[in-house]
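For what it's worth, my numbering labels the leading residue of the sequence shown as 4, then goes sequentially.
Backbone N, C-alpha and C fix where the C-beta goes; we use that ideal spot for every residue, glycine too.
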Amino acid sequence: MWLLVCTGTAAGAPDDPAPGGNDPLRQRSPNRCSGSQLPLSRGGKPLRGGRERLSLLRSGQPGPHHRSQRPARGGSSIRSEYQWRKHIVARILITGNKGFFGARFQRHYSLQHQILGIDRDEVDIVDRDAVLRTIEEYRPEIVIHGAAITATSFSDKHPELTRQINVDGAVHVAEGAMAVGARLLFFSTEQVFNGNVEAGPYREEHAANPDTMYGRTKLEAEDRLRGILSDLWILRFTWMFGLPEYQAMVNPNVVWDALRIAVSGKPARIPVQEFRGLTWVYHMIDRILGVLEIPPGTYHIGSENELGRYDIFRHIFRELGIASRIDDLLIPDHDKYRAKPRDVRLDTGKIGAAGITFPPGTEAISECIREFSMTGMGSP
């Protein structure tokens, strides 16, 4: 089975739930594979194309920067990588292989799957012909597409470019998947509900009312893709968090932001009336392939969370062992979102009923902090 993955985003921002990077236009390269390096030459001669590279992929040779796999985190029942690892060695092609989600996904699965990467310098998803050629060359059975502009401020200032990448680019990938008979996983976002007046959590059938260019283009892409192919999984992500790692960039997120406040010692105002799901990136990575085992459709995916951002920061400080610094460093901001609380929480009951479940956001945060051995920071 061949697997083409287009994960990661063109840009990241503090309120972006999707995987991303710092360059608003950044996508990835089909010949860059830091997690499972694919040779570009053999015997001093350059490889000519995808067919010759496929023979190397079938050899099952791991790359030099592999990371051993671990059991799925979170202690929840899931239908995920366990079944995949027993039966499938997949060919994975990632856009965003240096992005927040993509780099970690690539490392995690590099021993089990052969992983390539796509960059806009070589395959711009706005270029329909280039996208179709690339997918035809590698002929995957599965396509996972997450490349997008996600920075809300950037997308609002550049609406046409955002639509080209987020909508047209997604359509091109879907057309390529359809042409080779591939199934498609499409990464969408909680922010399709950013303009809804009523409070969350929102179910999949809830009418979305995005008020940003990012949310509008993601919702438009969802609708366009449904008209192209039926073997389609639309995954609306909650906000992912994680910490910096070697050769893996980090997006602004609650855990990283709280840690920076603690290290800098500079007080920060944290909104009280902001509510979002919070998913540890490795919980998502552990479960993402399990989506292929459930029926196609639209799913809300990730950890649910009942706390506002300020209370989440308090929880993080307590888990770090620096509860005594909460009042000095965390200033509750009651003014932001006072008129209309920001609530983009997702109800993930549908995908949970299908067997893919996540721990609550607070538990995920605690596990992340333990994983990085950061408990007890306040101890002498």
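At the level of alpha carbons, what is the spacing between Arg166 and Thr220?
6 Å
Please name the residue in Asp350, Glu322 and Pro344 whose C-alpha comes closest to that of Ser369.
Glu322
Exposure of Lys101, with buried meaning 16 or more beta-carbon neighbours within 10 Å
buried
Backbone CA spacing between Gly38 and Ser113 [nearest angstrom]
Confidence at Gly38 is low in this model, with a pLDDT of 35, below 50, so its placement is unreliable and the value that follows should be read with caution. Between Gly38 and Ser113, the C-alpha separation is close to 6 Å.
Cβ atoms of Val294 and Trp242: under 7 Å apart, would you say?
no
Out of Asp260, Arg290 and Pro362, state which residue places its alpha-carbon closest to the alpha-carbon of Glu309.
Pro362
What alpha helix (DSSP H) runs, 4 residues minimum, are completely inside the region 99-161?
103-112, 131-141 and 155-160
State the DSSP-derived secondary structure class of Arg345, mapped to helix, strand or coil.
strand
Using the three-state DSSP reduction, which class does Asp338 fall into: helix, strand or coil?
coil
Does Thr351 come out as helix, strand or coil in the three-state DSSP assignment?
coil
Do you know whose CA, among Leu246, Ile97 and Gly300, lies nearest His116's CA?
Ile97
Strictly by DSSP, which residues pair up with Trp242?
Leu281
Neighbour-count burial assignment, His303, 16 or more Cβ in a 10 Å radius
Buried, by the Cβ-count rule.
Is it right to say Ile334 is buried, meaning 16 or more other beta carbons lie within 10 angstroms of its own, or is it exposed?
exposed
Quick test of your reading: Pro402 and Ser233, contact by CB under 8 Å. State the CB separation rounded to the nearest angstrom.
An answer regarding residue 402 cannot be provided, because it is not within the stretch 4 to 383 covered by the chain.
Three or more beta-carbon pairs under 8 Å between the region 341-349 and the region 276-286, yes or no?
Yes: at least three Cβ pairs fall under 8 Å.
For the region 153-161 and the region 210-220, state whether three or more C-beta atom pairs, one from each stretch, are separated by less than 8 Å.
yes
Return helix, strand or coil for Arg373, following the three-state DSSP convention.
helix
On a Cα-Cα basis, can you pick out the residue from Ile319, Arg373 and Thr282 that is closest to Thr360?
Looking only at Ile319, Arg373 and Thr282, the smallest Cα-Cα distance to Thr360 is reached by Thr282.
Between the CA atoms of Pro247 and His286 - distance to the nearest angstrom
16 Å
According to the Cβ coordinates, are Ile133 and Asn169 closer than 7 Å?
The sequence shown places Ala at residue 133, rather than the Ile named in the question. Cβ distance not < 7 Å, so Ala133 and Asn169 don't count as in contact.
So, under 8 Å CB-CB, Leu187 and His148 are touching, yes? Tell me the CB distance rounded to an integer number of Å.
7 Å
Given Ser79, which residues of its chain have a CB within under 7 Å of its CB, disregarding the five upstream and five downstream residues?
The pLDDT assigned to Ser79 is 45, lower than 50, so where the model puts this residue is not dependable, and the model offers no usable value.
Taking all protein chains shown into account, do 16 or more other C-beta atoms lie within 10 angstroms of the C-beta of Ala251, making it buried, or fewer, making it exposed?
buried
Please report the straight-line C-alpha distance between Leu292 and Val129, rounded to a whole angstrom.
26 Å
Reference Asp336, options Arg312, Arg328, Ile231 and Ile354, closest by Cα:
Arg312
Tyr205 classed as buried or exposed, judged by whether at least 16 other C-beta atoms fall within 10 angstroms
buried
Cβ neighbours of Tyr85 in the same chain (closer than 6 Å, five flanking residues each side left out)
In this predicted model, Tyr85 has a pLDDT of only 44, less than 50, meaning its place in the structure is not dependable; the value taken from the coordinates is given anyway. So no residue of the chain qualifies.
7 Å CB neighbourhood of Ala177 in its chain, flanking five on each side removed:
Answer for Ala177: Leu187, Leu228, Ile231 and Leu232, listed in chain order.
Given Arg131, which residues of its chain have a CB within under 6 Å of its CB, disregarding the five upstream and five downstream residues?
Close CB contacts of Arg131 within its chain, under the 6 Å cut and outside five residues either way in sequence, are with His175 (chain order).
Short of 6 Å in beta carbon distance, which residues of its chain neighbour Phe196, apart from the five on each side in sequence? Order them along the chain.
Excluding sequence neighbours, Phe196 sits near Tyr205, Ala211 and Val347.
Alpha carbon to alpha carbon, what distance is there between Glu193 and Arg239?
6 Å
Closest by C-alpha distance to Asp314, when choosing among His161, Arg123, Glu207 and Arg272:
Arg272
Of all the options Val253, Gly379, Pro162 and Ile138, which has the alpha carbon lying nearest to the alpha carbon of Ala180?
Measuring from the Cα of Ala180, the nearest candidate turns out to be Ile138.
Alpha-carbon spacing of Phe190 relative to Asp226, whole angstroms
13 Å
Leaving out the 5 sequence neighbours to the left and right, which residues in its chain are closer than 6 Å to Phe316 when beta-carbon positions are compared?
Ala261, Ile273 and Leu333
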